[in-house]
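In UniProt numbering, the protein residues as written are 1 to 591.
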C-alpha cells in the first residue's frame, strides 16, 4: 500500500503535487480549525448569554421583592390594628355614624396614596350595619365562592398571592395579597385584599430586553414585558410542562415556537402560602446572532484567502512546469544524439542555471560525466525547491499559539537559568499579546483591561530599570463594570512614550477609576514633561480632524473616536508644562 501511494505521487505532475500539498497542508487544517473555533464560539456565546440572563433575573428578583415589601408591611400592620377590628365589629345606628367612622379611619386610603407599589387596599367584612365605600366591602355569597376568598380563610393568617378581579374597578385583574384578619375579642374575621401595582411591576420588567414574566402558583402571568402575555395562563399558551409543573433553574425548551433557554427563579416570601416565579427566555437565534455573523465573516475571509492562494499556487506551478517542459524537450533531443541543440530559458533561478549548464554539457562528449552530475544536481535542486515550498507553506500557518508557546519556552529557560526578571517580563509580554489578540468588538470587564495595563507597565518598568513607577487606584465597585476594550492601555502607552521616556528618573504613572453618580471616571496621570497649553489645544483639535491629519496620535484618536461613537463624549486632556499630564473620560456604568 505504501509503495502504491508513493508510486502514485511520483507519477503526478509537479503542478498537481503543489496543489495537493496546498490542500493537505493548508486547506484541511484551516478548515478543521475554523469549524472547531466556530463551535467553541457558539458555546461561548451560549454560556455568556445564559450568565447574563441569570444576572438579569437575579436583578429583577431583587426589584420585585422590594416592590412586594410594602404590601407585606401594610398587611402585618393591619393584622395588629385594633381600631380596624373595633370599627368593623361595631353595630351602627345610622348611616351618619358609618360615614363618621370611615372619616375617622382613613388608614386604608393613606396606604394607597403613600406607597407607589400599592394600587388598592380593601377589607371584606361581615357587618350588615356598615356601608360599601370601596375600601370596606361587605362579604357576599359570590365573594365566598371565589378561590382567593376560600384560600385566605383557610390560610390561618398566612399570605396568599394570586391573580384576582377587582369588582370595584370593572373586574380588572391584577396580582393581589389576600389574608384573613381574625378578631379574637369579637369572634369574627375579615379578609384583607391589597392589590399590587402591576403597572409598576410591568415597568420593572420593561427594562429587560429578554421576554420576562412573573407567574403565580396557579400559572397565571401577573406581569410581563410583553403586553399580550399579561393576565394569561401558562396552560392556555404554548408553554411546556416544565414551566407548568413549576420546575426551577435553567433548562432548554421550545417557547413561542422557537428553541430557547428558559431561566426560572423563585420569589419566596416569608409567611406565605405560595410563591411567585420569575420566568425569562432567550432564543437560540438571539444567542448565536453575533457568533453567526462572525462565523460568516470568517468564512468569507478564509474563502477569499484560499481562492487567492490557489490562484498563486496554480500560476507558480504552471510557470515551473512550462520551463521544465522546455528543458525536458531538449534533454530528449540530446538523448537521441542531437548534441548541437541550444537551450534558452529565461530567469536566473535554479532552472535558468540548469539551462546554462545543459548548454555547456553539449559542447563536448568528454563532458558526458559532468552532464550526468549536472542531472543529479538538477534532481537535488528540484527536491530542495519542493522542500522549500512545503516549508514556506508550513511557515505560513504560524499562528498566535506558536508565538505564545515560544514565549513560554523562553520564559521557562530564563526561569531555569535564574533570570527571574526576564522570565517575569516574558510572561507579562505573552499575557499582553494574548489579551490583545483575543480582544473582540464587545465590552469587557474593567478588571480585564486593568490586567492588560498592569502587564504593559511591568514590561516598561523592566525596560527602563525601574525609572518608571506606577500605581493603580481601582475602585472595587468599578472592577466588574464593562468598558470598551483597549480604552485605557493606549492612554498609558501614550503617557510612557510622550511623557516619561525622556525623563531620566522619578517617572510615575497613576491609573485611577472611580464611580460617581452612576458614571465611571477613568484617569491616567503622569508626572512627565507635560504639554504646553497651545500644544494641548492642538492635540485636542487634531483628535476631531480627518484621520490622515492626526496620524501621530493614532492610539488617542482611536480611543477618542470609539468613546464618541458609543457615548457621545471622548477624551479630556489636561496638562501643565514640565509637571505632568492627565487624560480622563467618563462612561456610564454597565455591569
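From the three backbone atoms N, C-alpha and C, an ideal C-beta is built for every residue, glycine too.
Segment limits, alpha helix (DSSP H) that includes residue i
{"i": "residue 21", "result": "14-22"}
{"i": "residue 96", "result": "95-104"}
{"i": "residue 284", "result": "284-287"}
{"i": "residue 541", "result": "533-542"}
{"i": "residue 47", "result": "28-79"}
{"i": "residue 107", "result": "107-114"}
{"i": "residue 206", "result": "198-206"}
{"i": "residue 90", "result": "It is not in any alpha helix (DSSP H) - residue 90 carries neither H nor E in the DSSP assignment."}
{"i": "residue 462", "result": "446-463"}
{"i": "residue 7", "result": "2-11"}
{"i": "residue 493", "result": "489-494"}
Same chain, Cβ closer than 6 Å to residue i, neighbours up to 5 away in sequence not counted
{"i": "residue 220", "result": "163, 233"}
{"i": "residue 524", "result": "491, 492, 495, 511, 583"}
{"i": "residue 469", "result": "508"}
{"i": "residue 193", "result": "122, 176, 178"}
{"i": "residue 467", "result": "505, 507"}
{"i": "residue 559", "result": "487, 490"}
{"i": "residue 12", "result": "none"}
{"i": "residue 202", "result": "223"}
{"i": "residue 271", "result": "158, 159"}
{"i": "residue 259", "result": "284"}
{"i": "residue 514", "result": "475, 521"}
{"i": "residue 295", "result": "38"}
Contact belief for residue i with residue j at Cβ below 8 Å, rounded distance in angstroms
{"i": "residue 449", "j": "residue 489", "result": "7 Å"}
{"i": "residue 42", "j": "residue 288", "result": "5 Å"}
{"i": "residue 54", "j": "residue 263", "result": "6 Å"}
{"i": "residue 282", "j": "residue 61", "result": "With a Cβ gap of about 17 Å, residue 282 and residue 61 do not count as contacting."}
{"i": "residue 427", "j": "residue 480", "result": "Between residue 480 and residue 427 the Cβ distance is about 25 Å, and since that is not below 8 Å, they are no contact."}
{"i": "residue 276", "j": "residue 214", "result": "6 Å"}
{"i": "residue 105", "j": "residue 98", "result": "So it is not a contact: roughly 11 Å between Cβ atoms."}
Residue i CB to nearest heavy atom of the ligand GTP below 8 Å
{"i": "residue 582", "result": "In the structure shown, the ligand GTP is absent, as is every other ligand, since no ligand is present at all."}
For residue i, the residue or residues it bridges with in DSSP
{"i": "residue 481", "result": "DSSP output for residue 481 lists no bridge partner at all."}
{"i": "residue 221", "result": "215"}
{"i": "residue 160", "result": "178"}
{"i": "residue 138", "result": "125"}
{"i": "residue 253", "result": "260"}
{"i": "residue 470", "result": "509"}
{"i": "residue 334", "result": "Paired residue(s): none; residue 334 is not in a bridge."}
{"i": "residue 192", "result": "123, 179"}
{"i": "residue 277", "result": "215, 266"}
{"i": "residue 621", "result": "Because the chain is modelled from 1 through 591, residue 621 falls outside the range shown and cannot be assessed."}
{"i": "residue 232", "result": "According to DSSP, residue 232 bridges with nothing at all."}
{"i": "residue 593", "result": "Because the chain spans 1 through 591 in this model, residue 593 falls outside it and cannot be assessed."}
Beta-carbon proximity check, residue i vs residue j, cutoff 9 Å
{"i": "residue 185", "j": "residue 85", "result": "yes"}
{"i": "residue 30", "j": "residue 306", "result": "yes"}
{"i": "residue 204", "j": "residue 52", "result": "no"}
{"i": "residue 139", "j": "residue 190", "result": "yes"}
{"i": "residue 530", "j": "residue 581", "result": "yes"}
{"i": "residue 569", "j": "residue 527", "result": "no"}
{"i": "residue 590", "j": "residue 474", "result": "no"}
{"i": "residue 90", "j": "residue 151", "result": "no"}
{"i": "residue 273", "j": "residue 155", "result": "yes"}
{"i": "residue 280", "j": "residue 517", "result": "no"}
{"i": "residue 188", "j": "residue 126", "result": "yes"}
{"i": "residue 571", "j": "residue 565", "result": "no"}
{"i": "residue 334", "j": "residue 362", "result": "yes"}
Residue i, enclosing beta strand (DSSP E) - first and last residue
{"i": "residue 519", "result": "519-526"}
{"i": "residue 173", "result": "172-183"}
{"i": "residue 509", "result": "507-516"}
{"i": "residue 147", "result": "Careful: residue 147 lies outside any beta strand (DSSP E), inside the alpha helix (DSSP H) at 147-154."}
{"i": "residue 572", "result": "572-576"}
{"i": "residue 583", "result": "580-588"}
Cut-off 8 Å between Cβ atoms - residues of its own chain near residue i, not counting five sequence neighbours on either side
{"i": "residue 135", "result": "102, 108, 109, 121, 122, 123"}
{"i": "residue 310", "result": "19, 22"}
{"i": "residue 198", "result": "119, 174, 175, 222, 223, 230"}
{"i": "residue 519", "result": "586, 587, 588, 589"}
{"i": "residue 471", "result": "508, 509, 510, 511"}
{"i": "residue 4", "result": "none"}
{"i": "residue 351", "result": "320, 323, 324, 327, 345"}
{"i": "residue 391", "result": "With a pLDDT of only 39 at residue 391, under the threshold of 50, the placement of this residue in the model should not be trusted; the figure read from the coordinates follows. Around residue 391: no qualifying Cβ."}
Own chain, CB closer than 7 Å to residue i, minus 5 neighbours either side, in chain order
{"i": "residue 460", "result": "468, 496"}
{"i": "residue 555", "result": "490, 493, 494"}
{"i": "residue 417", "result": "none"}
{"i": "residue 71", "result": "117, 118, 177, 194, 196"}
{"i": "residue 386", "result": "Residue placement at residue 386 is flagged as unreliable, the pLDDT there being 39, under the threshold of 50; a coordinate-derived value is accordingly withheld."}
{"i": "residue 143", "result": "124, 149"}
{"i": "residue 388", "result": "Residue confidence for residue 388 is low, a pLDDT of 46 falling below 50, so the modelled location carries little weight and cannot support an answer."}
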